[in-house]
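Residues 1 to 120 in the UniProt record's numbering are what the sequence shown spells out, letter by letter. From the three backbone atoms N, C-alpha and C, an ideal C-beta is built for every residue, glycine too. Presented below is the structure to which this report refers.
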Amino acid sequence: MSKGILLVDDAAFMRMMIKDILTKNGYEVVGEAENGLKAIEKYKELRPALTMMDITMPELDGIQAVKEIKKFDPNANIIMCSAMGQQTMVIEAIQSGAKDFIVKPFQADRVLEAVKKVIG
1 MSKGILLVDD AAFMRMMIKD ILTKNGYEVV GEAENGLKAI EKYKELRPAL
51 TMMDITMPEL DGIQAVKEIK KFDPNANIIM CSAMGQQTMV IEAIQSGAKD
101 FIVKPFQADR VLEAVKKVIG
């Protein structure tokens, strides 16, 4: 298990925003993926301490990706990211094994609070 964080979002600027918040606060981003399928591949390759995953993405959405990652590694730490108004999806994500969720647009302190809560 690495110490790093895997960022999964189909929007490159969202990944860049989160990466900026995390690296400025001493966290290491070890990988990025732009959809659920790539997220699963990257997770298996990198075994990150934490995965931050968008819900709505092409090819495979975040919820399906969480289910697949949890099958591969039941101890995976995953925080979901969603836009406002996706409450039902957030609930499904938590039921699928996500540890927390963050609402977009991101607030740096909320991102850090969620990361600290999940991986310290």
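**Report entry** Asp-109 versus Val-103 - alpha carbon distance
**Finding:** Here residue 109 corresponds to residue number 109 of the sequence shown, with the count starting at 1. Here residue 103 corresponds to residue number 103 of the sequence shown, with the count starting at 1. If I take the Cα positions, the gap works out to 12 Å.
Query raised in the report: What is the C-beta distance between Arg-15 and Glu-32, in whole angstroms, given that I count them as a contact (C-beta under 8 Å)?
Result: Stepping through the sequence shown from its first residue, residue 15 is reached at position 15. Stepping through the sequence shown from its first residue, residue 32 is reached at position 32. Contact holds; Cβ gap of about 5 Å.
Report task. Using three-state DSSP, classify Ala-33 as helix, strand or coil. Result -> On the sequence shown, position 33 is the one that residue 33 refers to. Here Ala-33 sits in strand by DSSP.
Query - Under the three-state DSSP convention, the category Ile-55 falls into - result: Translated into the one-based positions of the sequence shown, residue 55 becomes position 55. Looking at Ile-55 - three-state DSSP - the assignment turns out to be coil, as it is neither helix nor strand.
**Report entry** Closest residue to Ile-69 among Val-30, Leu-112 and Lys-38 (Cα-Cα distance)
**Finding:** Counted from its first residue, the sequence shown places residue 69 at position 69. Of Val-30, Leu-112 and Lys-38, the residue nearest in Cα terms is Lys-38.
Query - Euclidean distance between Cα positions of Ala-65 and Thr-23 - result: Counted from its first residue, the sequence shown places residue 65 at position 65. Counted from its first residue, the sequence shown places residue 23 at position 23. Their Cα atoms are separated by approximately 25 Å.
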